[in-house]
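Protein chains in written order, with the UniProt record's numbering: chain A, 1 to 717; chain B, 1 to 83.
All C-beta atoms in this analysis are idealised placements derived from N, C-alpha and C, irrespective of residue type, glycine included.
Just so you know, these numbers come straight off a predicted model, no measurement behind them.
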Amino acid sequence: MPVATQPEIKPAARVTAGAEEVKIALIGNPNSGKTSLFNQLTGLNQKVGNFPGVTVDKKTGYSQLTPSIRAEIIDLPGTYSLYPKSLDERVITDLLYDPTSKHFPDLVIVTADASNLKRNLLLFTQLADLQLPAVLALNMVDVAEQEGVKIDVALLQRELGVPVIPMNARKGIGVAALKIVMTQQLSAPEKPFFQIPANLQPLLQSIKERFNLSNDYLALQFAHQYKSLKFLSEENVAWLDEQLEAVGFKSNALQADETIARYTRINELLLDAVRVEKAEKDEKFSNRLDQILTHRVFGYLIFFGILFLIFQAIFAWASYPMDLIDGGIAGLNTLIQENFSGPLVNLLTEGVIAGLGGILVFVPQIAILFAFIAVLEETGYMARVTFMMDKIMRKFGLNGKSVVPLISGVACAVPAVMSARTIENWKDRMITIFVTPLMSCSARIPVYTVLIALVVPEKYYFGFMNLQGLVLMGLYLLGFLAAILSALLLKVLLKARERSYFIMEFPTYKMPRWKNVGITIVEKVKAFVFEAGKVIVAISIILWVLASYGPGNNFEKAEQLALKEAQAENLTEEQTENRIASHQLESSYAGIVGRTIEPVIRPLGYDWKIGIALLTSFAAREVFVGTMSTIYSIGEEENVTTIKNKLMSEKDANGDPFFTPARSFSLMIFYLFAMQCVSTLAIVRRETKSWTWPAAQLVYMSGLAYVMAFITYQLFS
Amino acid sequence: MQHKAEEHKERKSVREMKIGERGVICCLQDPEMGLKLLEMGCIPGTEVKMNSRAPLGDPITIIVNNYTLSLRLDEAETILLKQ
Numbered sequence: 001m002p003v004a005t006q007p008e009i010k011p012a013a014r015v016t017a018g019a020e021e022v023k024i025a026l027i028g029n030p031n032s033g034k035t036s037l038f039n040q041l042t043g044l045n046q047k048v049g050n051f052p053g054v055t056v057d058k059k060t061g062y063s064q065l066t067p068s069i070r071a072e073i074i075d076l077p078g079t080y081s082l083y084p085k086s087l088d089e090r091v092i093t094d095l096l097y098d099p100t101s102k103h104f105p106d107l108v109i110v111t112a113d114a115s116n117l118k119r120n121l122l123l124f125t126q127l128a129d130l131q132l133p134a135v136l137a138l139n140m141v142d143v144a145e146q147e148g149v150k151i152d153v154a155l156l157q158r159e160l161g162v163p164v165i166p167m168n169a170r171k172g173i174g175v176a177a178l179k180i181v182m183t184q185q186l187s188a189p190e191k192p193f194f195q196i197p198a199n200l201q202p203l204l205q206s207i208k209e210r211f212n213l214s215n216d217y218l219a220l221q222f223a224h225q226y227k228s229l230k231f232l233s234e235e236n237v238a239w240l241d242e243q244l245e246a247v248g249f250k251s252n253a254l255q256a257d258e259t260i261a262r263y264t265r266i267n268e269l270l271l272d273a274v275r276v277e278k279a280e281k282d283e284k285f286s287n288r289l290d291q292i293l294t295h296r297v298f299g300y301l302i303f304f305g306i307l308f309l310i311f312q313a314i315f316a317w318a319s320y321p322m323d324l325i326d327g328g329i330a331g332l333n334t335l336i337q338e339n340f341s342g343p344l345v346n347l348l349t350e351g352v353i354a355g356l357g358g359i360l361v362f363v364p365q366i367a368i369l370f371a372f373i374a375v376l377e378e379t380g381y382m383a384r385v386t387f388m389m390d391k392i393m394r395k396f397g398l399n400g401k402s403v404v405p406l407i408s409g410v411a412c413a414v415p416a417v418m419s420a421r422t423i424e425n426w427k428d429r430m431i432t433i434f435v436t437p438l439m440s441c442s443a444r445i446p447v448y449t450v451l452i453a454l455v456v457p458e459k460y461y462f463g464f465m466n467l468q469g470l471v472l473m474g475l476y477l478l479g480f481l482a483a484i485l486s487a488l489l490l491k492v493l494l495k496a497r498e499r500s501y502f503i504m505e506f507p508t509y510k511m512p513r514w515k516n517v518g519i520t521i522v523e524k525v526k527a528f529v530f531e532a533g534k535v536i537v538a539i540s541i542i543l544w545v546l547a548s549y550g551p552g553n554n555f556e557k558a559e560q561l562a563l564k565e566a567q568a569e570n571l572t573e574e575q576t577e578n579r580i581a582s583h584q585l586e587s588s589y590a591g592i593v594g595r596t597i598e599p600v601i602r603p604l605g606y607d608w609k610i611g612i613a614l615l616t617s618f619a620a621r622e623v624f625v626g627t628m629s630t631i632y633s634i635g636e637e638e639n640v641t642t643i644k645n646k647l648m649s650e651k652d653a654n655g656d657p658f659f660t661p662a663r664s665f666s667l668m669i670f671y672l673f674a675m676q677c678v679s680t681l682a683i684v685r686r687e688t689k690s691w692t693w694p695a696a697q698l699v700y701m702s703g704l705a706y707v708m709a710f711i712t713y714q715l716f717s
Numbered sequence: 001m002q003h004k005a006e007e008h009k010e011r012k013s014v015r016e017m018k019i020g021e022r023g024v025i026c027c028l029q030d031p032e033m034g035l036k037l038l039e040m041g042c043i044p045g046t047e048v049k050m051n052s053r054a055p056l057g058d059p060i061t062i063i064v065n066n067y068t069l070s071l072r073l074d075e076a077e078t079i080l081l082k083q
């Protein structure tokens, strides 16, 4: 690889030299190593924010270039051109075409895959024509060299008019050179790559005058994209409409001509700068691997094996750290309660700390799931998953990549919803996020097992098929069916915001970069804890207050009643305490809510006691079992058999068993469909960046739960 | 890049190619999707090679400009070949 000589830097062009902070935008094709370079430049010094109106995260990071110069680097979504094809890509044009934007960069770093230079240079030549100061990070030179591609960097640099830094971002090679150039080079390329047709000049002239622009290509971009540029006022959009109408501006045809002209120019340029020494290898390593990994039998077997491994990991392995967190939180609470007392201490322990525990307990699952997903993405395997599943999933309005969120949803909807981020298409992603919580998650298991134990006899068919197990499996299948059918419904209802394409680069297999995997895990955990966490703690506290306080002196009365009963019935100290807790919960605000909603839930077979449990388990489904234990004064020992025996002995007004099969199945069906999980709602809001989606989900799932539970109750009774 | 529909009637599209078969792009039929395909390097006059099909027959991968591009069959149908 020849070493490039730096182009001479004119003193006048050193805009940022000496400045404290420079703004740098990182842009490039998908799979061009942009994320690796971003991670190399910023390390863990990253923060995730929002771009208004889109779901894509805004990742910014800081890099100390020299002791006096710090760079703020913004990582833009991967794109093939400056003509956005998806909503997420519009972020790029909004940022680059508006010099008044606070993120408007002083310098643009374009990453390009050296082994695939022709297509990668298209985006570069567009940026160059905007005359923004730019650097070309010529990435993956190692891969290019292996494939026999020799690039004359000095020549390329001369032809492109900007510094070209050969690098291997995965290994960090070339990063130091890039940093040096980032502090120096700021002159923009001078000669345009694309000659704008002369007949457009009058139009561009008037656009330039109106918007005070100096660059012809930027004016042309205004003409092509004015309808989607957020910073243009309505008045300006109307003016552009009129101007373009007058000259008969044909956006599609002009774009096509431009792209062809650019490729022609790039071909000429690469003819001199790139030599391919080895002939095209018959079969690349990736192609051979694909013959197994996308094979019609082995491909699916391997994929389901991987899914099984992921499922096993978040279902079983994550339970150890989760139990540790649970234990730690409980221990901390006991420690505080033993040493301090008073209502504030209760608020702290049972409200705040328990709420925080409810957030932290998700961390192991999120970390493990994203470790897997990051590896699948990094290696290029995720593209094969989409490739194999696209045809089936598309029928249901889903995407090949929806398989991962749906399967992960069986363990927990929270990390599953976060993993839908890998789906590029907006509509596919929204549908996936919407239906994922219908998959039966692990928090439903305690509810299912207690209720199944209550009403389904432990019978065996054919010696091995356990009836209880069959019912449990039926519930899981029902959840899956509900998810698929809801997706189909949404496919019809939801209007696509963009055309859905499958046209994309099929990346070659690569070894994962562990640093990237680590950063992904940290980023996802932080996003959940800090963004969804706020909502979860707030609602946990509200629910705790509702269950722990009652109007007036209700609580004292409840305690006295319980004590009187205890004396009369000769209860032990522990039984007395359980009785007090039970009476207090009944007279709390939650109890009042339970009684108030009783008329509404009576058609489902529920009484006010179940009403209380529905309310308290709104934060998390598994709380249902705990609340039932408290109401029926079972105490804290949540043993399935004790709870089962206690619930079995519960009688209705006529003296018949209260928990009939009809009631129990109605409850199971209710919990199967209902959105009884604040954490999921909070993460859906975080991922969709709006309250509309979680609200719609809450209404839809609760409505579905109500109707299905009603039907179930009526059928069985 | 667009011609009248009648001219394309006998033209073969990438959809109908067999695995390993090569051809040269003549034209792109869907103007909007065409822009996306052009950006990905499917320029008229460029050679394409059918590389593989997904296990269920759709999508497919083709080799163009020395890299692998994946696309659905109804997208491949809009890429017509020179005879």
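Residue i: contacting residues in chain B (beta-carbon distance under 7 Å)
i	result
GLY78/A	Residues of chain B passing the Cβ test: none, with the nearest at roughly 13 Å.
LEU256/A	The sequence given here has Ala at residue 256/A, not Leu. The answer, in chain order, is MET1, GLY34, LEU35, LEU38.
LEU122/A	GLU39
LYS85/A	LYS36
PHE387/A	ALA54, PRO59, SER70
Under 8 Å from the C-beta of residue i: neighbouring residues of chain B
i	result
HIS295/A	PRO55
ASP390/A	ALA54, ASP58, PRO59, ARG72
Cβ-Cβ distance between residue i and residue j below 7 Å
i	j	result
ALA223/A	PHE194/A	no
ILE407/A	LEU488/A	no
ALA198/A	ILE207/A	no
ILE24/A	PRO105/A	yes
PRO166/A	VAL181/A	no
PHE618/A	GLN697/A	no
VAL709/A	SER664/A	Looking at the sequence shown, residue 709/A is not Val but Ala. Contact flag unset, no.
MET40/B	GLU21/B	no
SER115/A	VAL149/A	yes
ALA413/A	ILE433/A	no
VAL684/A	VAL417/A	yes
LYS459/A	LEU467/A	yes
THR349/A	ILE336/A	yes
Residue i classed as buried or exposed, judged by whether at least 16 other C-beta atoms fall within 10 angstroms
i	result
LEU398/A	buried
ASP74/B	exposed
THR93/A	buried
ASN516/A	buried
ILE36/B	Correcting the residue type first, residue 36/B is Lys in the shown sequence and not Ile. By the 10 Å Cβ count, LYS36/B comes out buried.
VAL14/B	buried
Contact list for residue i against chain B, beta-carbon separation under 9 Å
i	result
PHE285/A	Ordered by position in chain B, no residue passes the 9 Å Cβ test against PHE285/A, which lies about 12 Å from the chain.
LYS118/A	GLY41, ASN65, ASN66, TYR67
Terminal residues of the alpha helix (DSSP H) in which residue i lies
i	result
residue 732/A	Past the boundaries of the shown model lies residue 732/A; chain A is included only from 1 to 717, so the question cannot be answered.
SER115/A	No alpha helix (DSSP H) holds SER115/A; DSSP gives it neither H nor E.
ILE19/B	Taken as a continuous stretch (DSSP letters only), ILE19/B belongs to no alpha helix (DSSP H), as it is neither H nor E.
VAL545/A	533-548
ILE359/A	354-360
GLY429/A	Gly is not the amino acid found at residue 429/A; the sequence shown has Arg there. 426-435 is the span of the alpha helix (DSSP H), which, as asked, contains ARG429/A.
GLU559/A	554-569
Residues sharing a beta bridge with residue i, DSSP
i	result
ILE60/B	ARG53/B, LEU71/B
LEU28/B	ILE79/B
LEU26/A	ASP75/A, ILE109/A
MET504/A	SER70/B
MET465/A	TYR461/A
ALA620/A	CYS677/A
GLU650/A	None, per the DSSP bridge assignment.
Cross-chain neighbours of residue i in chain A, by beta carbon under 8 Å
i	result
LEU80/B	Simply none; closest approach about 15 Å.
Delimiting residues of the beta strand (DSSP E) encompassing residue i
i	result
GLN64/A	57-66
PRO166/A	164-166
residue 730/A	In the structure as shown, chain A starts at 1 and stops at 717, and residue 730/A therefore has no counterpart that could be examined.
LYS150/A	149-151
Contact set between residue i and chain A, taken where Cβ atoms lie within less than 9 Å
i	result
GLU75/B	TYR501, PHE502, ILE503
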